[in-house]
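Here full-length UniProt numbering is used: the first residue of the sequence shown is 1, the next is one more, and so on.
All C-beta atoms in this analysis are idealised placements derived from N, C-alpha and C, irrespective of residue type, glycine included.
All values derive from a computational prediction rather than experimental measurement.
Reading through the structure tokens given below for one structure.
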Amino acid sequence: MIEIVAVNSSKLQKEFIDFPHGLFKNDPNYVPELFLEQKELLNPKKNPFFKHAAVQLFLAKENGRTVGRVAAIWNENNNKFNHVNEGAFGFFDCINNQKACNSLLDSASNWVKEKGADTLVGPINLSTNNSCGLLIQGFDSPPFVMMPYNPPYYMDLLSAYGLDKKVDLRAYSVEKEKVNTRSVSLLERLEERLSRSGIFLRELDVKNFETDAKRIKEVYNKAWDKNLGFVPMTDEEFDFTAKSLKQILDTKYAIIAEKEGEIIAFALGIPNINEVLIKINRGRLFPFGIFKLLFGLKKVNSVRVLMLGVLEKYRKLGIEACLYGRIISNALNSNIEQSECSWMLEDNFLMNNAIEKVNGELYKQYRLYQKSL
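In structure tokens:
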């Protein structure tokens with residue numbers, strides 16, 4: 001018999017965070033999340049997301065053994081901005097047992113329904129500004145930083161529960177040996193042409209990080225505002241995210257486009273620290289994990305381009321391609337062997353075409369599901 005337990009103590013929260021470690025202990029592609037980072041993400045006192053949202057964590061137990069977990073999420077800002085009454089589920093992990101899955105998702109559904117939801121969507125690990133989607137293609141390699149991972153049987157569990165496709169999210173791989181260098185060189189010429197129109201590209205200025213970050217936030221919230229499921233970040237949320245990203249920032253992969261001193265576009269890539277995290281047992285930095293992280297960062301040879309946005313009136317000028325081109329060009333001149341561009345909506349043809357032109361290969365796909373309540 002499956003018992004659902006609401007997480008209401010630090011002990012149960014620890015169990016919630018740690019559950020995937022045991023579930024995937026024999027999976028060579030599983031990357032443990034850092035415990036301290038997950039704890040802070042789920043802490044209402046530290047994460048400003050909770051100022052406009054409510055979250056309830058659940059564990060599924062069978063004969064005293066934890067067999068699954070899920071988070072039920074009610075995001076007021078999402079519902080107001082997108083004019084919906086959606087509840088979300090996230091942090092979903094479960095043994096291959098339909099009863100356990102159904103019990104977890106029933107608990108999440110009932111909880112968000114009490115808040116006023118008429119639809120359940122997910123998996124979303126708090127919001128679309130965090131990791132989201134269920135892996136449906138590309139199970140043969142570890143995920144890149146801040147991307148989710150799951151075994152194939154999750155698709156069967158969610159489908160059997162009655163969840164249907166909402167939208168697919170794409171991840172492209174750009175490998176050093178396969179990149180279309182001719183396209184990259186053409187992008188350099190396009191960059192020169194843009195400069196004649198007063199549009200210039202530069203790297204993010206670390207010395208003025210807060211100033212650049214504030215201006216980037218304005219572009220971020222405007223550039224994605226029409227994307228499905230997008231929720232603008234509050235100032236506090238953006239600062240919370242920027243603070244964590246700054247720790248692993250490499251300005252070669254943080255490119256800004258300006259016109260007359262105004263930031264009109266930007267792209268952000270970060271070193272794929274999952275190359276290191278995959279070796280850190282149960283996501284614990286102490287006592288030895290911190291050394292693996294510090295020394296391992298120097299050997300990371302892949303990067304993830306996780307944000308690219310252009311203000312609407314400057315689109316279709318080639319700025320998107322130039323931003324990708326600058327990052328890829330910088331990667332080619334370093335020790336980077338692979339770049340992942342993720343995630344893109346399946347119908348974002350402008351971005352998808354820009355990546356495909358430099359021989360980006362669609363190698364992983366993720367799915368957001370939905371169900372009427």
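Q. Would T181 be called buried (16 or more neighbouring beta carbons within 10 Å of its own) or exposed?
A. exposed
Q.
At the level of alpha carbons, what is the spacing between N129 and Q365?
A. 17 Å
**Q.** Segments assigned beta strand (DSSP E), at least 3 residues, entirely inside the segment 190-254
**A.** 199-203
Q. Three or more beta-carbon pairs under 8 Å between the segment 312-330 and the segment 346-361, yes or no?
A. yes
Q. Should S127 go down as buried or exposed, given a rule of 16 or more other Cβ atoms within 10 Å for buried?
A. buried
Q: Give the straight-line distance between the Cα atoms of A254 and V358, rounded to the nearest whole angstrom.
A: 19 Å
Q: Measure the C-alpha to C-alpha separation of G360 and G198 and round it to an integer number of angstroms.
A: 29 Å
Q.
I'd like to check one pair, A100 with I2: are the Cβ atoms closer than 9 Å?
A. yes
Q) For residue 374 versus R282, is the C-beta distance shorter than 9 Å? A) The question about residue 374 has no answer here: the residues shown for the chain are numbered 1 through 373.
Q: Flag this pair as yes or no: are the beta carbons of N77 and N85 separated by less than 9 Å?
A: no
Q: Would you mind reading off the limits of the alpha helix (DSSP H) that contains I263?
A: Where I263 is concerned, there is no enclosing alpha helix (DSSP H), although the beta strand (DSSP E) it sits in stretches over E262 to P271.
Q) In the structure shown, what three-state DSSP assignment does R282 receive? A) helix
(Q) Since V31 and I278 should fall inside the 8 Å C-beta cutoff, what is the C-beta to C-beta distance between them, to a whole number of angstroms? (A) Between V31 and I278 the beta-carbon gap is near 5 Å, inside 8 Å, which marks them as a contact.
Q.
Can you tell me whether F139 is buried or exposed? The criterion is at least 16 other CB atoms within 10 Å of its CB, across all chains shown.
A. exposed
Q | alpha helix (DSSP H) runs wholly inside the segment 33-58, at least 4 long, in chain order | A | Scanning the segment 33-58 from its first residue to its last, the whole alpha helix (DSSP H) runs of 4-plus residues come out as 35-41.
Q. Around the C-beta of L34, are 16 or more other C-beta atoms found within 10 angstroms, so that it is buried, or is it exposed?
A. buried
Q) Quick one: what does DSSP say T181 is sitting in, helix, strand or coil? A) helix
(Q) Tell me the rounded alpha-carbon separation between F291 and I270. (A) Confidence is the limiting factor: at F291 the pLDDT is only 48, short of 50, which leaves the residue's position unreliable and the question unanswerable from this model.
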